[in-house]
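Novice: Got a structure for you, written out below as structure tokens; questions coming shortly.
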Amino acid sequence: EDIQAHLLVEVDGNDMDTLFKDCEKITEVMEQYDCDEILFADSSQQKDQLWKMRRAVGEAVKSNSVYKEEDTVVPRAELPQLLKGVKSIGEKHGFTSVCYGHAGDGNLHINIIKGDMSDKAWNNDLSKGIREIFELTVGLGGTISGEHGIGLVQKGYMDIAFSEENIAIQKGIKSIFDPNGILNPKKVFA
177 EDIQAHLLVE VDGNDMDTLF KDCEKITEVM EQYDCDEILF ADSSQQKDQL WKMRRAVGEA
237 VKSNSVYKEE DTVVPRAELP QLLKGVKSIG EKHGFTSVCY GHAGDGNLHI NIIKGDMSDK
297 AWNNDLSKGI REIFELTVGL GGTISGEHGI GLVQKGYMDI AFSEENIAIQ KGIKSIFDPN
357 GILNPKKVFA
């Protein structure tokens, strides 16, 4: 089947009547979007099984193909636009993607799948596609750092999210606290 997305929603509280009302509201919203199937966990065991499936997505990606994961965050209302944009960018550059994340935070893990891309295309064009994904993310009011920070992975894309002046200020602050460059050396700033 051509399933575009799965959404796992968790509600909690102390009052079962309120929880059931929340679930009814969620169902009403989901039905507006022509969902194929809505499942509810009736026990903690079923809930654990659903979360186990969600956590297995990353492992499934790793076992499928060579991949590159990028983290992004956008305002929640922009998640659909980001997902569509990532798919479009993938079509342009010849890769597919599997995305998952924390919709409540606007966080999206973008797993770029090499699949049938040639090694040359993967090595030469991947960074162009990633740059376009980050430009889209920032254009939607988001950030390129996701939940894992800049580190080494997104270092080469900082110019998308930060002006030269902002980067200079960040370097200045780092030099005040780390004049010898011994804290996290060569990670974001040398």
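For this note's numbering, add 176 to where a residue sits in the sequence shown, where the first one is 1.
Here a beta-carbon is modelled for each residue, glycine too, at the ideal position from N, C-alpha and C.
Just reading off the alpha helix (DSSP H) that residue 289 is part of, what are its end residues?
Specialist: Element bounds for residue 289: not the alpha helix (DSSP H) but the beta strand (DSSP E), 283 to 289.
Novice: Using CA coordinates, which residue listed in 260, 247 and 274 is at the minimum distance from residue 237?
Specialist: Nearest of 260, 247 and 274 to residue 237, Cα basis: 274.
Novice: Below 8 angstroms on the Cβ atoms is my guess for residue 183 versus residue 254; work out the distance and round it to an integer in Å.
Specialist: With a Cβ gap of about 16 angstroms, residue 183 and residue 254 do not count as contacting.
Novice: If you draw a straight line from the C-alpha of residue 297 to the C-alpha of residue 355, how long is it?
Specialist: Approximately 41 angstroms between the Cα atoms of the pair.
Novice: Go ahead and label residue 330 buried or exposed: buried means 16 or more other beta carbons lie within 10 angstroms of its beta carbon, across all protein chains shown.
Specialist: Per the 10 Å Cβ criterion, buried.
Novice: Is it right to say residue 216 is buried, meaning 16 or more other beta carbons lie within 10 angstroms of its own, or is it exposed?
Specialist: Counting Cβ neighbours within 10 Å, residue 216 comes out exposed, since fewer than 16 surround it.
Novice: If I follow the unbroken alpha helix (DSSP H) through residue 351, where does it start and stop?
Specialist: Its alpha helix (DSSP H) spans residues 340 to 353.
Novice: Residue range of the beta strand (DSSP E) that residue 254 falls in?
Specialist: Where residue 254 is concerned, there is no enclosing beta strand (DSSP E), given that its DSSP letter is neither H nor E.
Novice: At the level of alpha carbons, what is the spacing between residue 245 and residue 285?
Specialist: In a straight line, the C-alpha of residue 245 is about 7 angstroms away from that of residue 285.
Novice: Check whether the Cβ atoms of residue 250 and residue 322 sit closer than 7 angstroms, and answer yes or no.
Specialist: Contact flag unset, no.
Novice: Is it a yes or a no for the stretch 264 to 273 touching the stretch 305 to 312, going by three-plus beta-carbon pairs under 8 angstroms?
Specialist: Segments in contact, yes.
Novice: Is residue 301 closer than 7 angstroms to residue 278 when the C-beta atoms are compared?
Specialist: It is not a contact, given that the beta carbons lie outside the stated cut-off.
Novice: Against chain D, does residue 222 count as a neighbour if the rule is that its beta carbon must be under 7 angstroms from one of theirs?
Specialist: Looking at the structure shown, chain D is missing, and only one protein chain is on hand.
Novice: Would you check if the distance between the CB atom of residue 352 and the CB atom of residue 305 is smaller than 7 angstroms?
Specialist: Against a cut-off of 7 angstroms, the Cβ pair of residue 305 and residue 352 comes out as no contact.
Novice: At the level of alpha carbons, what is the spacing between residue 357 and residue 336?
Specialist: When rounded, the distance between both Cα atoms is 25 angstroms.
Novice: Classify residue 182 as helix, strand or coil using the three-state DSSP reduction.
Specialist: Correct three-state label for residue 182: coil.
Novice: Given that a residue counts as buried once 16 or more other Cβ atoms are within 10 Å of its Cβ, and exposed if not, what is residue 313?
Specialist: When all chains shown are included, residue 313 counts as buried.
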